[in-house]
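Taking it in order: structure first as structure tokens, then the write-up.
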Amino acid sequence: MYTTNLYLENAIAGKSDEDLLQLSLVASANENGVVFNNNKGDKWLPCPNQSTNKPPSKMKEDQLYDLTSLKAISRGNEAFVQKMVNIFCDETPVMVKEIEEGIKSGKLDKMRETAHKMKPSIDNLNIVPLKQLIRDIELIEKDSFDEKRMIEKVDQLKHTIKLVIDKIRVEYPG
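Numbering-wise, the sequence shown is residues 1481 to 1654 according to my numbering.
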């Protein structure tokens, strides 16, 4: 049986660093497999009995993220991992602001779209506290929108992203 990380590594064997950069931004894994969206349609690769919705067994309770999947995608290329960490650290706070602006302006479509773009990064870095939260933001409907609760969720998102960035910058000062 494949682990998700080994499966990801095997699924992308032979790809260039540029292709890997594109894939890692849009790849997501769950208990059923891996989806790569290359803007030409999704490519589904089955991976039974695996889940990234739970922390890996070696992940400590206070650990905010786990780069195992990202490192598997990189196939040992530390420059690639550094590049992906830099992109995450630079782009994610901007996306959080876009979500906040969507709430303030009532543009739920923009908020949902931005949350959808953030989801693969959160999954690839295995930021467990945000996995369900970002999906809740992505799937909010106008008739169930509660501005106060959404502001609380986005505050939690912003706080956790800041903690992850602060901590990951120690490991990858880039």
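Ideal placement from N, C-alpha and C gives every residue a C-beta, glycine not left out. Remember, predicted model here, so these are calculated numbers, not experimental data.
- In this structure V1576 is buried. Its beta-carbon is surrounded by 16 or more other beta-carbon atoms within 10 angstroms.
- Taking every protein chain shown into account, the CB of K1628 has fewer than 16 other CB atoms within 10 angstroms, so this residue is exposed.
- The alpha-carbon separation between D1646 and L1550 amounts to approximately 18 angstroms.
- Residue environment for V1574: exposed (fewer than 16 other C-beta atoms within 10 angstroms of its C-beta).
- Shown here for S1601: same chain residues with a beta carbon closer than 6 angstroms to its own, the five before and five after excluded, namely F1568 in chain order.
- The three-state secondary structure of D1626, taken from DSSP, is coil.
- Within the same chain, and ignoring the five residues on either side of K1590 in sequence, the residues whose Cβ sits closer than 6 angstroms to its Cβ are G1582.
- Taken through DSSP and simplified to helix, strand or coil, Q1612 comes out as helix.
- Nearest to K1599 by alpha-carbon distance, out of F1625, G1586, V1650, E1571, is E1571.
- The three-state secondary structure of R1649, taken from DSSP, is helix.
- For N1604, the three-state secondary structure derived from DSSP is helix.
- Contact between L1588 and I1620 is confirmed by a C-beta separation of about 6 angstroms, below the 8 angstroms threshold.
- Annotation: V1634 to E1618 spans about 11 angstroms, alpha carbon to alpha carbon.
- For K1563, the enclosing alpha helix (DSSP H) begins and ends at 1558-1585.
- Less than 7 angstroms separates the beta-carbon of Q1562 from that of G1654.
- If the five residues before and after H1596 are omitted, its C-beta is found closer than 8 angstroms to the C-beta atoms of E1618, all from its own chain and listed in chain order.
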